[in-house]
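Only one structure is covered here, and it is reproduced in the block below.
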Amino acid sequence: MSNTAWENVSNQAIAMAGLVYFIALLVYLAEWASLRQVRGGAAAVKDAEAAPERELVGAAAGGSVTSGGAAGGAGASSSVAEERAGRADFLGRLGVLLTTIACVVHFVALVGRGMAADPNRVPWGNMYEFTISGTFVVTLTFLALYRRYQLGWMGPLVVTFVTATLMVAVIWLHDSVAPLTEALNSPWLVIHVVSAVIATGAFTIGGIASVMYLVRSRAEKKAAAAGTQLTGWLARVPELPALDRLAYRVHAFAFPVWTFAVLITGPIWAHEAWSRYWNWDPKEVWAFITWVVYAGYLHARATAGWKGRKAAMLALVGLGTLWFNFIGINYFSTTSQHSYAVERVVDAPVVTRA
Amino acid sequence: MSTDVETPPQAPAPDPRRGERRPGELTARELLRWVWRQVTSMRTALLLLLLLALAAIPGSVIPQQDVDSLAVTRWKDRHPQLTPIYEKLDLFSVYSSPWFSAIYLLLVISLVGCIVPRLFVYAKAWNAAPPRAPQRLDRLPVHASYTSSSTPEEALAHARRVLGRRYRLRVAEPGDDFVAGERGRLREAGNLLFHLSVLIVLAGFALGSLFGYQGGVIVVQGQSFSNNLTQYDDFKPGGLFRQGQMKDFRFKVDTFSVDWLKEGPRAGQARKFNAGLEYNVDGGPTQRYDLRVNHPLNLDGTDVFLIGHGYAPIITVRDAKGEVTYTGPTVFLPQDATFLSFGVVKPPTVQPQLGLEGLFYPTFDLVDGNPVTVFGDDLNPTLSMLAYTGDLGYESGRSQSVYVLDKSRAKPVLKDDGKPFRLDMQPGDTRVLPNGLGTVTFERVEPWIRVQISQTPGKEVALAGVVLALIGLCGSLFVRPRRVWVRVAPATGAAGAGPDPDPARDADGTMENSGGTRVEVAVLDRSGNGDTDQVLADLLEQLQEAPK
């Protein structure tokens, strides 16, 4: 296939992936809707199937159906709830299946980008390519952790995030395939970018868990004030301690990877390409800020005993700096050597020369 | 019972003259200790860490002197009112400003104050045995119990074997009815390593900025450079730099080649920059090196980088008598990515002073009547310059930039019709200047490269520091310290083996021993983030797996 053909394949695959993500989102929303009347029941039933026995207690407690009204109708309403839960369960599985398909198509788009370049290369030459790679890793991380941490509830959030970011990439960041700028032409491109993108994907998943922590804790407070129980989709989101632990685990994984990316491979490469291993380039500064914020997050958890709300807020500050650094800083600073738009014009030496 | 004659002792009013203290008043020593405690507290460390992140922000938005001095100059021109304020606040050199330094120095002090005591605690605790089992294991948050059909001695021995696989055990004393295990000592080691490594990184960074230097120089193809302070265009030494540490080497730029993209979305972009250098070190044999981006030349700690390129037209100026007053490659500086370049020619003549200033178009073309360069490669090299005469400041004794012509007291050379005399030349062309000012010849074009030469001592130290920090970090994040205890007792009633998650039920059994053993298990997580339920479940499974 010619390079142009590959590029077209890539463009079409991105459009296709976006479409499938969107359909997945609709399915997740349908699942969400069908859970509206179910109070924690579906979650408990589903968890009981997948989770080890320690969930049993929760299932027994949460499984009691309260939507039936009178106590006498408990048997009948139980079967209705079961049917609803079954439908929600089916939709949930369908959503994950669609997400997986979209992820595969997304991957085809990445391969197409790489094949379209001459010479063939990793698809990390400009912001568009970084963004479609970053979102791919977000989906991949979600799918990889889906079983282990029972992340079914996270589907709609991940898919929303990925669809929105892909739209931004296609509308504002799109750039046709081009050879790498000279400074990017290095083996460090693979090592540096892979680690940075993996960390970005993981931090994003951790951030979503933190957002859900805040949302759920607020909803729980409200529900407690009204004397009711959580219903629907929110009831499916894991309990607060589990969310908190999930957020911590994912962040704890992402942080060393980020350290490797921005404080080891980054400086080594910067030294080779730009002659200084740390030059306070805006991208470096924000990578450092992100590092410091997440270091603060882990530090606060480990020593100051911050948990839950405060920790989640800090994690979100970190997520903000991370994505601002990824996309935003390019629009604020023109001096960044990470801008990829143009090769830097040589600085005019203003010093005298006798 | 005595009636007191003396008045009961009242709390005497504080008398500052006698050096007595009011409640809450601190001596200097106590104050120091209080300050030290505050500085080394975790909360302060956290605050400083977040403050450091906040303080780093301005430097990413405002151009920095050390990063891009040109951008700083431009910014200052555009904001004449803000400039003095920003200068006062060191906003053009944030990362070397006193306030930024204050934050990270405080952070370092806090870190040292926190780590050093912990080092001692850790060293002392290294060999400490895991503590004895608490009296009531069921008081611990994560615990379980079950009854086993084996005897207490057998159950205890089995528990020792199971726990011994993954835990450091407390040495058994005769009469013990429990096994105590501990693991995860390395978490704190990782933690300490991480914090100490931060100091190593800072030390490496400081070494580089104190003893290192960076210099830049433009070298035209065919010309040579020898590593000597006077040869640099710009030179930034560290605070403790000594000239003696400069390495003795010289190199000649033998060839320079660029690959220009002629088609595709990035047409006009240059790549595959390659400067063929002939170099020798300490007067040794001549060697060759292809200097490319991402492939610096390393000479024993001095690195040579290729960081830019451009064009140097070779221009010869003759006076009215035909004597050569100026000849050689004249470096023109690229103004943008099209390589439209600006330069000046200053023949060192005194009477009259003559100067040329103008643009170089690598691939000249007229688009809608405007002169432009349509490509970066020198396919149609064209010079377009104006001549100036008068007082150009050659004699003033002030040092002048070779890239700027001081025209404040000079006049443009005019044609007969009163319009400025413009020299538009292609290689090989010679133009005669009016008024007997002589001639100018554009011989040909040579490329130049801009080379950055730097010594960064301590970069290996910094790298080693970060790698150690990463190792320590992984230890402190992924090692899960915890303690486990298993206690056995003759079963008091409940017959048969099997999980018995409800300890309350065991409490009120009969005293009759039915031959089985009651086994209590408890797990204590010491990191605050461990999944203790899972650990307990696994442990129970292993303990009950092979009943003996």
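Residue numbers (the numbering used here), protein chains in the order written: chain Y, 1119 to 1472; chain E, 352 to 899. Using N, Cα and C, we set each Cβ at its ideal position, and we do this for glycine too. Please read these numbers as outputs of a predicted model, since none were measured by experiment.
Cα-Cα separation between residue i and residue j, rounded to whole angstroms
i, j, result
"F1140 (chain Y)", "T1281 (chain Y)", "7 Å"
"R487 (chain E)", "R519 (chain E)", "22 Å"
"T1217 (chain Y)", "G1426 (chain Y)", "29 Å"
"E794 (chain E)", "T676 (chain E)", "15 Å"
"Y437 (chain E)", "N1397 (chain Y)", "21 Å"
"P680 (chain E)", "G709 (chain E)", "15 Å"
"P713 (chain E)", "F576 (chain E)", "26 Å"
"A1072 (chain Y)", "L1364 (chain Y)", "This structure cannot speak to residue 1072 (chain Y), because chain Y is shown only from 1119 to 1472."
"M393 (chain E)", "A1391 (chain Y)", "39 Å"
"E892 (chain E)", "V886 (chain E)", "10 Å"
"Y754 (chain E)", "G694 (chain E)", "6 Å"
"V783 (chain E)", "T790 (chain E)", "4 Å"
"Q704 (chain E)", "P763 (chain E)", "12 Å"
"Y1264 (chain Y)", "F1254 (chain Y)", "15 Å"
"T391 (chain E)", "F690 (chain E)", "55 Å"
"L788 (chain E)", "P771 (chain E)", "14 Å"
"G1136 (chain Y)", "I1250 (chain Y)", "11 Å"
"W450 (chain E)", "F715 (chain E)", "51 Å"
"Y662 (chain E)", "Q751 (chain E)", "21 Å"
"A688 (chain E)", "Y1267 (chain Y)", "51 Å"
"I1316 (chain Y)", "V1295 (chain Y)", "23 Å"
"A888 (chain E)", "A484 (chain E)", "19 Å"
"V1256 (chain Y)", "A1262 (chain Y)", "10 Å"
"A1344 (chain Y)", "M1431 (chain Y)", "25 Å"
"F1321 (chain Y)", "L1437 (chain Y)", "7 Å"
"V1138 (chain Y)", "I1132 (chain Y)", "10 Å"
Contacting residues, own chain, Cβ-Cβ under 8 Å from residue i (five flanking each side not counted)
i, result
"A523 (chain E)", "R511 and V530"
"G1210 (chain Y)", "Y1146, E1149, K1164, G1270 and G1273"
"V1463 (chain Y)", "Because V1463 (chain Y) sits at a pLDDT of 36, beneath the cut-off of 50, its placement in the model cannot be relied upon, and the following sentence gives the value as read from the coordinates. Answer for V1463 (chain Y): no residue qualifies."
"H494 (chain E)", "L488, P854, E871, V872, A873, V874 and L887"
Cβ-based neighbour list, residue i, same chain, cut-off 6 Å, excluding 5 preceding and 5 following
i, result
"R1154 (chain Y)", "G1350"
"S608 (chain E)", "N625"
"V1355 (chain Y)", "W1271, M1330 and R1334"
"D585 (chain E)", "G567"
"T606 (chain E)", "G627"
"A1161 (chain Y)", "Per-residue confidence for A1161 (chain Y) stands at a pLDDT of 45, beneath the threshold of 50, marking its modelled position as unreliable; no derived number is given."
"A506 (chain E)", "S499, V839, T868 and V870"
"K603 (chain E)", "S575 and E629"
"G563 (chain E)", "G589, Q806, T807 and P808"
"D775 (chain E)", "S735"
"T781 (chain E)", "T790 and T792"
Own chain partners of residue i with C-beta closer than 7 Å, once the 5 adjacent residues on each side are dropped
i, result
"K427 (chain E)", "T434"
"A1142 (chain Y)", "G1213, L1216, T1217, A1220 and V1277"
Inter-residue CB distance, residue i and residue j (contact presumed, cutoff 8 Å)
i, j, result
"D633 (chain E)", "D599 (chain E)", "5 Å"
"L514 (chain E)", "V870 (chain E)", "In fact, because the Cβ distance is near 12 Å, the residues do not count as touching under 8 Å."
"A1372 (chain Y)", "G1324 (chain Y)", "6 Å"
"N542 (chain E)", "S878 (chain E)", "That belief does not hold up - the Cβ atoms of N542 (chain E) and S878 (chain E) are roughly 10 Å apart, past 8 Å."
"G1243 (chain Y)", "L1291 (chain Y)", "With a Cβ gap of about 12 Å, G1243 (chain Y) and L1291 (chain Y) do not count as contacting."
"G1414 (chain Y)", "L457 (chain E)", "About 15 Å separates the two Cβ atoms, so there is no contact after all."
"A1206 (chain Y)", "S1152 (chain Y)", "5 Å"
"A404 (chain E)", "V1410 (chain Y)", "4 Å"
Cβ of residue i within 8 Å of any chain B Cβ
i, result
"Y497 (chain E)", "Of the protein chains in the structure, Y and E, none is chain B."
Residues of the stretch 1413-1432 of chain Y whose Cβ lies closer than 9 Å to any Cβ of chain E, in chain order: Residues of the stretch 1413-1432 of chain Y with a C-beta less than 9 Å from any C-beta of chain E: A1413, G1414, L1416, H1417, A1418, R1419, A1420, T1421, A1422, G1423, W1424, K1425 and L1432, listed in chain order.
Assess, as a yes-or-no matter, whether the stretch 715-730 of chain E is touched by the stretch 740-747 of chain E under the definition of 3 or more beta carbon pairs within less than 8 Å. The stretch 740-747 of chain E vs the stretch 715-730 of chain E: no contact.
Are there three or more Cβ pairs, one per stretch, closer than 8 Å when the stretch 535-550 of chain E is compared with the stretch 463-473 of chain E? In this structure the stretch 535-550 of chain E touches the stretch 463-473 of chain E; the number of beta carbon pairs closer than 8 Å is three or more.
According to a CB-to-CB cut-off of less than 8 Å, which residues of the stretch 601-626 of chain E neighbour chain Y? Under the 8 Å Cβ criterion, the stretch 601-626 of chain E contributes L612, G615, P616, R617, Q620, A621, R622, K623 and F624.
Does the stretch 611-619 of chain E come close enough to the stretch 639-648 of chain E to have 3 or more Cβ pairs within less than 8 Å? Between the stretch 611-619 of chain E and the stretch 639-648 of chain E there are fewer than three inter-stretch CB-CB distances shorter than 8 Å, so the stretches are not counted as touching.
Which residues, in chain order, does the stretch 1388-1402 of chain Y contribute to contact with chain E at a C-beta distance below 9 Å? Shown in chain order are the members of the stretch 1388-1402 of chain Y whose Cβ falls below 9 Å from a Cβ of chain E: H1389, E1390, A1391, W1392, S1393, R1394, Y1395, W1396, N1397, W1398, D1399, P1400, K1401 and E1402.
What are the residues of the stretch 649-660 of chain E that lie near chain Y, defined by any Cβ-Cβ distance shorter than 8 Å? Listed in sequence order: D654, F656, I658, G659 and H660.
Should the stretch 412-419 of chain E be regarded as contacting the stretch 1360-1378 of chain Y, the criterion being three or more beta carbon pairs within less than 8 Å? Here the stretch 412-419 of chain E makes no contact with the stretch 1360-1378 of chain Y; the two share fewer than three CB pairs at distances below 8 Å.
Three or more beta-carbon pairs under 8 Å between the stretch 811-819 of chain E and the stretch 657-672 of chain E, yes or no? Three or more beta-carbon pairs separated by less than 8 Å are not found between the stretch 811-819 of chain E and the stretch 657-672 of chain E, which leaves the two stretches without contact.
When Cβ atoms are compared, which residues of the stretch 788-811 of chain E fall closer than 9 Å to chain Y? Cβ contacts with chain Y: R801, Q803, I804, S805, T807 and K810.
At a CB distance below 8 Å, what residues from the stretch 406-420 of chain E approach chain Y? Give them in sequence order. Taking 8 Å as the Cβ-Cβ cut-off against chain Y, the residues of the stretch 406-420 of chain E that qualify are A407, I408, G410, S411, V412, P414, Q415, D417, V418, D419 and S420.
May I ask you to list, following chain order, the residues of the stretch 444-455 of chain E that have a beta carbon less than 7 Å from some beta carbon of chain Y? Listed by position along the chain: Y446.
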